[in-house]
Amino acid sequence: MEYRQLGRSGLRVSAVAYGNWVTHGNQLDDDAAAACVAAALDAGITTFDTADRYANGRAEEALGKALSGVRRSSIELCTKVCLPVGPGANDAGLSRKHIIEGCHASLSRLGTDYVDLYQAHRYDDSVPLEETMLAFADLVRQGKVLYVGASEWTAPQLREGLRLAAELRIPFIANQPQYSMVWRVVEAEVSPACADLGLGQLAWAPLAMGVLTGRYEPGRRPPAGSRATDGFGGAFIARYSSDLLLSRVRQLRPVAEAAGCTMAQLAVAWVLARPTVASAIVGASRPEQLAETAKAATVRLDDELIARIDAVLDELVERDPAKTARPNDVMSAWRPPPAAG
Numbered sequence: 052m053e054y055r056q057l058g059r060s061g062l063r064v065s066a067v068a069y070g071n072w073v074t075h076g077n078q079l080d081d082d083a084a085a086a087c088v089a090a091a092l093d094a095g096i097t098t099f100d101t102a103d104r105y106a107n108g109r110a111e112e113a114l115g116k117a118l119s120g121v122r123r124s125s126i127e128l129c130t131k132v133c134l135p136v137g138p139g140a141n142d143a144g145l146s147r148k149h150i151i152e153g154c155h156a157s158l159s160r161l162g163t164d165y166v167d168l169y170q171a172h173r174y175d176d177s178v179p180l181e182e183t184m185l186a187f188a189d190l191v192r193q194g195k196v197l198y199v200g201a202s203e204w205t206a207p208q209l210r211e212g213l214r215l216a217a218e219l220r221i222p223f224i225a226n227q228p229q230y231s232m233v234w235r236v237v238e239a240e241v242s243p244a245c246a247d248l249g250l251g252q253l254a255w256a257p258l259a260m261g262v263l264t265g266r267y268e269p270g271r272r273p274p275a276g277s278r279a280t281d282g283f284g285g286a287f288i289a290r291y292s293s294d295l296l297l298s299r300v301r302q303l304r305p306v307a308e309a310a311g312c313t314m315a316q317l318a319v320a321w322v323l324a325r326p327t328v329a330s331a332i333v334g335a336s337r338p339e340q341l342a343e344t345a346k347a348a349t350v351r352l353d354d355e356l357i358a359r360i361d362a363v364l365d366e367l368v369e370r371d372p373a374k375t376a377r378p379n380d381v382m383s384a385w386r387p388p389p390a391a392g
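Listed below in structure tokens is the structure:
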């Protein structure tokens, strides 16, 4: 495993991180989740990403149980706050009330006294950013949060957040965007801003919900037991399942062979080669999947291989920076045609 500094901070993260968005508390019971976490640790993964929103808190609980007994200083725990976690008027957003209460709840579910990175899951236009950043600052000063970051913020939002963080003297160090070979909306504005501001990026969905593994074939039903057959994960994967997109992904197999890696490793290695990316967050429903994808940290792609990837995908790559805060707004060419009748 390779370990990288997150932006200009002193925090080092594993190049491949383990995230439990659609798995823990949804597809996996606690025993299966623990097996996947153990496989991640065996592969050298030390960075674990979750959120209070995932499975209504069950994902944090499962991760906390799975990491029980692991030396706390040997891992980096990252979680998030903002998206709705209940029906109440203050159960969402980036108000001081929700951030402070959300952090305490996350710490309890994770079974820890602090998180290494606490991230604003989205931007909240309804709350003054000064209020949000002051709440983060108080958590940092209390020792409950070591570093702060954001997810799916635009370049101007990141710049203003970092300005306020500097005034408050707290370490705003990271951005977490969706980023893959087919979803590159951060490249025009967000990634250059991160480079300028010294923010490291933790890329989520580097496998495009598993589509870039090549597991899904055009014109065929998804394999039994795959995420695409799960009620929760399947709804997301359906956005990436047109025959056109799946056919193009198949054309990447010779590129993976030339690189001496699997399709999954190729997709993760591509993300890890992007400027400002410190880590690629991958999920897994079986321990052996992590053993495979973790090896992407050792794969190196030369300019010729990257050019071949671009030539295959080209017009199917989403680059519109306006979709930075709309991660599910995929192009129509990715979606299958509506069912007849």
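Going left to right, the sequence shown walks through residues 52 to 392 as this note's numbering numbers them. We treat Cβ as the ideally placed atom computed from N, Cα and C, and that holds for glycine. The model shown is predicted, which means the values in this text are computed figures rather than measured ones.
- When Leu-158, Leu-145, Asp-365 are compared, the shortest CA-CA separation from Gly-115 is found for Leu-158.
- The C-beta of Gly-261 has 16 or more other C-beta atoms within 10 Å across all chains shown, which makes the residue buried.
- Thr-130: member of the beta strand (DSSP E) spanning 127-132, first to last residue.
- When C-alpha distances from Leu-367 are compared across Ala-384, Leu-250, Ile-360, the shortest belongs to Ala-384.
- With contacts defined as CB atoms closer than 8 Å, Tyr-174 and Trp-204 qualify as a contacting pair.
- When the alpha-carbon of Ala-307 is set against those of Cys-129, Asp-294, Arg-359, the nearest one is in Arg-359.
- Ranked by Cα distance from Asn-226, the options Ala-113, Trp-321, Gln-252 are led by Gln-252.
- One thing to note: Ala-91 has its Cβ no nearer than 8 Å to the Cβ of Lys-131.
- Shortest Cα-Cα distance from Ala-217 to any of Val-199, Ser-231, Asp-82 involves Val-199.
- The continuous alpha helix (DSSP H) containing Thr-183 extends over residues 180-192.
- Just measuring C-alpha positions, the residue of Val-166, Leu-197, Leu-213, Asn-141 sitting nearest Glu-181 is Leu-213.
- Three or more pairs of CB atoms, one per stretch, sit closer than 8 Å, so the segment 221-236 contacts the segment 182-195.
- In this structure, Leu-263 and Ala-318 form a Cβ contact; the two beta carbons are roughly 4 Å apart against a cut-off of 8 Å.
- Exposed is the label assigned to Thr-349, since fewer than 16 other Cβ atoms lie within 10 Å of its Cβ.
- Ranked by Cα distance from Gln-78, the options Arg-109, Leu-57, Val-67 are led by Arg-109.
- With contacts defined by Cβ atoms closer than 8 Å, Phe-99 and Tyr-54 do not form a contacting pair.
- Residue pairing from DSSP places Gln-56 in a beta bridge opposite Arg-63.
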